[in-house]
Structures are given as structure tokens and as C-alpha cells.
Amino acid sequence: MLAAARTIVYRDLLLALRRRSDVATALLFFVIVASLFPLGIGAEPNLLRAIAPGVIWVAALLSSMLSLGRLFAADYADGTLEQIVIGAAPLSVVVAAKAFAHWLVSGLPLVVIAPVLALQYDVAASLYPVLALSLLLGTPVLSMIGAIGAALTLGLRGGGVLLSLLVLPLYVPVLIIGAGSVEMASAGLGGQGQLLLLGAMLVVAVAFAPWAIAAALRISME
Amino acid sequence: MLEAADLECERGGRILFRGLSLALRAGEALRVAGPNGSGKTSLLRILCGLLTPTAGEVRWRGAAIGSLREEFYREILYLGHAPAVKDDLTAAENLSITCALAGLAAGDESVRAALERYGLAGSDAPVKKLSQGQRRRAALARLALSEAAPLWLLDEPFVALDAAAVELTRTLIRGHVARGATVVYTTHQEDGLPGSRVLDLGPAP
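Dropping the structure here:
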């Protein structure tokens, strides 16, 4: 069972390595969107400091969405998804591994880049750990929720737009709590409460999303 | 071994087949025949559990495959219409990953041997650089590693292959049936495999 999960993670990372441009697009998108705001708003340090957590988090949401379309669609098109669905390991374990690989490629880099982008907003250095930690806890939840949407919209015409409409509202709680943790910390109230909530969301997502993804995939494969 | 009772399949508002029953013993091969659109692929997808029939059920060793799930998947090999190989991986990477997902322990040696039988041994290029036929060969090489699976479900295994590869695939299927396994396959070639039972789905509805 774990061997199958390891195989899937290895496979998806290998594929990402062979198609580096796909990964780079989503990351560059994140960097560019987050950089547009200071340029558009101008040098207004107080305003920039105030909007920084929200903007960086929204950019992270959009960038994580961007790569969701490929999560299952490519495997669906070349038939490998059929082999995954009728694989020897439980489907929920395998799709959890797929969502994990998606996070490694599209979520983890955001955690690393975000503090660098925060520089542009003149965010206090003491907030970098909170920002990074909130993204570290929040982006896996995004990958898990997004995978449910990607599985549901698999093979549909105009699935990309539908996927955004389906998934973005579900991202809202993560966005509010994730950006809120940084705002609380910057107000000197400490973001622990929000971070703990994000952690709780992650636990719930890891526990339940795999079953939802597996069920959605089985329906979409018919 | 494999039983199907009263299967009915509806796709896109059309009934493809209704009241279809079959029973296959170990060591039997069944060729599913019929023109395009008659439901051959749908039948195979139902038999492997990818598609739920509108009515009826499929049983494996007496138990419904819907309740067996992974226990059943571990015992079958299904090769669908699409070759199920990733374009960006080499044939060897594809084969060892597919085998790992199917729960088959296939070492580098056996993977190379299987590819060698299909004439793909020395190829380190990603599959996208190969021809359509070679891609099919890369997918079919799994047959040589799946001797332990007691049920093979093959959708058009001979398509896009040259004469030598067709002959090799036939030999592998024949050998597998002789070993006491069950094989269900579809083909347009009349003489897919001499001596197999034929199920004709009739004209497309």
C-alpha cells in the first residue's frame, strides 16, 4: 500500500522534472501576481504592509489553482488513470499520494518564495516565519480540496472554468484564516490561534479528502 | 471464475446490450466480437470494474467485484484502448511504475527482459519519441510480466502492431490460457486466437 503511494509520488515528481516548464509557469505566476500590487498601488508603505498577507495568500490560491487542471487530466487522457483506479492499492491512498506530490511541486515552493515577496511589501522580518508557517499548513489543504474539484470536473467540457468556480469558494476559509494569522501577528496579538485552526483544517483534509477524491474519480471515470 | 449475470449497459441514452450473461472457467479465452459501437469496450470496462453496469453484476470466484475491489484488481490485468504509457517517461520507467501500481514485483532485470521480447530493450528515449506501434509494444510488454494474474482483459491488443508483435502477443495469450488463466479480449481480426469462444455483440444499436 505504501509502496504504491511511494511509486505515485516518485512518478509525479519525475514527470514534473521532465516537464519543468509546467511547474515554472505556476510559480512565476505567483511571483508576478504578488509583484503587480506594489507596482500598481505605489510606494505607500502603510497600505502595502496592510494588504501584504491578503495579496500573497490570494496569489498563492490562484497559483495553486492553475496547476490543478493537470492533476488528473493528463493521466486521464493517456489512459494511465484507468490503471491507477484499478491498481492494487486502495484508491484513496493513491490519490492522497498524488495530492501530496502536487503540493510538493506547487505548494512547497510558494512557502519558500513568499518571504522574499513579502520584502516588496515592507513586511516586518518578524512576520516571515508566521507567513511561511501559515502557507506551509494552508497550501496542502488547498491541494487536497483542489484535487476533489479536479476529480469531479475530469473530462468535462470547459472543466477549467468550472473547476475555478467550484474550488475557489471552498478555498475561502483557508484564505481568511491563513491571511488572518499574519494580520493578527502583525497587530501583536500572535497568530497562534489561526495557525492552530489551519493545522486542524489540514488534519481534517488529510483524513477525509482522499475518500472524496477517490469517490469523485470513480464517478468521473464512468 | 468470471461470471456476468444479466448485464445491461446504457451509454448516451442508447442501450448497447441487455440481458448479457457469460461464465468463464479457468483456462478459457473469450473473444468479444462486434462492429464499432456495439459495446465491446464498455463490456470490458464493466468486467474490470471501471464501469458500473446499468443492471446486472459481475462476479469473480463467486463474489461481486464491487465488494472485492482491490482484492479483484490485484488479480487482473486490464489493457484499455489508450496505451496507458506516459509520454515523458521511458518504456522501462513506464513498465516498472505500472507494475508497481498493479502490485507486481518487477525488478529491473525482468522489466528489461519483457521489453526485450517486444524489441524495445535498448531504448532510453522518452515514449513520445517512439512510433504508435512501439508505444503499443511498450504497453503490451506488461503481458510478459503478468503471468501471475489469473484474468487478462485486453481491449484490441493487436491494433497498430506489426506481424511479429501480433504473433508474440498471441503466443503470450495462448501460453497464459494454457497455464489455466482466463482471457477476455476484443479484436477486429477474425482469427484473433484460434480456439477461443466468441461472444458476438451484434450490430450497433
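Protein sequences appear in the order of chains A and B. First residue of the first sequence? That's 3 in our numbering, and the numbers climb one at a time after it. First residue of the second sequence? That's 1045 in our numbering, and the numbers climb one at a time after it. C-beta: ideal position from N, C-alpha, C; glycine also. Every value quoted in this text rests on a predicted model; they were computed, and no experiment measured them.
State yes or no: is the beta carbon of residue i nearer than 8 Å to at least one beta carbon in chain A?
| i | result |
| --- | --- |
| B:LEU1141 | Sequence check: residue 1141 of chain B is Ile here, not Leu. Interface residue, yes. |
| B:PRO1127 | yes |
| B:ASP1152 | no |
| B:ASP994 | As shown, chain B starts at 1045 and ends at 1249. That puts residue 994 of chain B outside it, with no answer to give. |
| B:GLU1052 | no |
| B:ALA1188 | no |
| B:GLY1147 | yes |
| B:TYR1117 | yes |
| B:GLY1124 | yes |
| B:ALA1135 | no |
| B:ALA1010 | With chain B represented from 1045 up to 1249, any question about residue 1010 of chain B goes unanswered, as that position is not in the structure. |
| B:ALA1144 | yes |
Measure the beta-carbon distance from residue i to residue j and round it to whole angstroms, keeping in mind my assumption that it falls under 8 Å.
| i | j | result |
| --- | --- | --- |
| B:ALA1073 | B:ARG1223 | Going by Cβ atoms, the distance from B:ALA1073 to B:ARG1223 rounds to 12 Å, so no, they are not a contact pair. |
| B:LEU1164 | B:ALA1182 | 6 Å |
| A:ALA7 | A:ALA90 | With a Cβ gap of about 12 Å, A:ALA7 and A:ALA90 do not count as contacting. |
| A:MET223 | A:VAL87 | 6 Å |
| B:CYS1143 | B:ARG1113 | That pair is no contact at about 20 Å. |
| A:VAL187 | A:LEU129 | Contrary to the premise, residue 187 of chain A reads as Ala rather than Val in this sequence. Going by Cβ atoms, the distance from A:ALA187 to A:LEU129 rounds to 6 Å, so yes, they are a contact pair. |
| B:LEU1091 | B:LEU1197 | 6 Å |
| B:ALA1204 | B:LEU1121 | About 19 Å; that fails the 8 Å criterion. |
| B:ARG1075 | B:LEU1237 | 7 Å |
| A:ILE215 | A:VAL97 | 4 Å |
Nearest to residue i by CA position, among the options, is which residue?
| i | options | result |
| --- | --- | --- |
| B:LEU1184 | B:ALA1135, B:LYS1173, B:VAL1221 and B:LEU1145 | B:ALA1135 |
| A:GLY151 | A:ALA189, A:VAL118, A:LEU73 and A:LEU133 | A:LEU73 |
| B:ALA1128 | B:ARG1118, B:ILE1120, B:GLU1119 and B:LEU1139 | B:LEU1139 |
| B:PRO1170 | B:LEU1205, B:VAL1155, B:LYS1130 and B:ALA1067 | B:LYS1130 |
| A:ALA65 | A:THR27, A:PRO92 and A:GLY81 | Note that residue 65 of chain A corresponds to Ser in the displayed sequence, not to Ala. A:SER65 has its Cα closest to that of A:THR27, out of A:THR27, A:PRO92 and A:GLY81. |
| A:LEU133 | A:VAL35, A:PRO55, A:ASP77 and A:GLU84 | A:PRO55 |
| B:LYS1172 | A:ILE10, A:ALA5, A:VAL11 and A:LEU17 | A:LEU17 |
| A:THR9 | A:ALA99, A:ILE88 and A:ALA36 | A:ALA99 |
| B:GLU1101 | B:LEU1060, B:ILE1059, B:LEU1064 and B:LEU1237 | B:LEU1064 |
| A:ASP77 | A:GLN196, A:VAL184, A:ASP14 and A:PHE210 | A:ASP14 |
| B:LEU1174 | B:LEU1133, B:LEU1091, B:ALA1157 and B:ILE1217 | B:LEU1133 |
| A:THR141 | A:PHE31, A:GLY182, A:LEU156 and A:LEU177 | A:LEU177 |
| B:ILE1109 | B:ALA1070, B:ASP1199, B:LEU1046 and B:HIS1232 | B:LEU1046 |
| A:GLN85 | B:VAL1155, B:ALA1157, B:GLY1093 and B:GLY1151 | B:GLY1093 |
| B:GLU1200 | B:GLY1177, B:ALA1193 and B:ARG1069 | B:GLY1177 |
| B:GLY1239 | B:GLY1151, B:PRO1247 and B:VAL1221 | B:VAL1221 |
| A:ALA209 | A:ILE179, A:GLY180 and A:ALA101 | A:ALA101 |
| A:HIS53 | A:TRP105, A:ARG21, A:LEU121 and A:MET203 | Sequence inspection shows Ile at residue 53 of chain A; the His mentioned does not correspond to that position. The shortest Cα separation from A:ILE53 among A:TRP105, A:ARG21, A:LEU121 and A:MET203 belongs to A:LEU121. |
| B:LEU1159 | B:PHE1116, B:THR1213 and B:LEU1195 | B:THR1213 |
Give me, in chain order, the residues of the same chain whose beta-carbon lies closer than 6 Å to that of residue i; leave out the 5 immediate sequence neighbours on both sides.
| i | result |
| --- | --- |
| B:ARG1161 | ALA1188 |
| B:ALA1077 | VAL1242 and ASP1244 |
| A:ASN48 | none |
| A:SER108 | ALA28, SER66 and SER69 |
| A:VAL113 | ALA134, LEU137 and LEU138 |
| A:LEU172 | ILE147 |
| A:GLY161 | THR155 |
| B:ALA1067 | GLU1047 |
| B:ARG1118 | GLY1147 |
| B:SER1082 | LEU1245 and ALA1248 |
| A:VAL169 | GLY148 and GLY151 |
Closer than 8 Å, CB to CB, is residue i near chain B or not?
| i | result |
| --- | --- |
| A:GLU224 | yes |
| A:THR155 | no |
| A:THR27 | no |
| A:ALA6 | yes |
| A:LEU17 | yes |
| A:ASP14 | no |
| A:ARG21 | yes |
| A:ASP80 | yes |
For residue i, which residues from the same chain have a beta carbon less than 7 Å from its beta carbon, with the 5 sequence-adjacent residues on both sides left out?
| i | result |
| --- | --- |
| B:VAL1006 | Residue coverage of chain B in this structure runs from 1045 to 1249, which leaves residue 1006 of chain B outside it and unanswerable. |
| B:THR1098 | GLU1052, CYS1053 and GLU1054 |
| A:GLY201 | LEU139 |
| A:LEU50 | PRO40, ILE43, TYR123 and ASP124 |
| B:ARG1276 | Summary: the structure shown does not reach residue 1276 of chain B, with chain B confined to residues 1045 through 1249, and so no result is reported for it. |
| A:ALA36 | VAL57, ILE58, ALA61 and LEU119 |
| A:LEU165 | LEU70, GLY71, GLY151, ALA152 and THR155 |
| A:TRP213 | SER94 |
| B:ARG1179 | PRO1127, VAL1129 and VAL1171 |
Chain A contacts made by the segment 1225 to 1240 of chain B, where a contact means CB separation under 9 Å:
Cβ contacts with chain A come from no residue of the segment 1225 to 1240 of chain B.
Please list, in chain order, the residues of the segment 49 to 76 of chain A that have any C-beta partner in chain B closer than 9 Å.
If the cut-off is 9 Å between Cβ atoms, the segment 49 to 76 of chain A has ALA76 near chain B.
Determine which residues of the segment 1093 to 1113 of chain B have a Cβ less than 9 Å from any Cβ of chain A, and write them out in chain order.
GLY1093, LEU1094, LEU1095, THR1096 and ARG1113
Looking at chain B, which residues of the segment 82 to 95 of chain A have a Cβ within less than 9 Å of any of its Cβ atoms?
Residues of the segment 82 to 95 of chain A whose Cβ lies closer than 9 Å to any Cβ of chain B, in chain order: THR82, LEU83, GLU84, GLN85, ILE86, VAL87, ILE88, GLY89, ALA90, ALA91, PRO92 and LEU93.
Which of the residues in the segment 115 to 148 of chain A, read from start to end, lie with their CB under 8 Å from any CB of chain B?
Taking 8 Å as the Cβ-Cβ cut-off against chain B, none of the residues of the segment 115 to 148 of chain A qualify.
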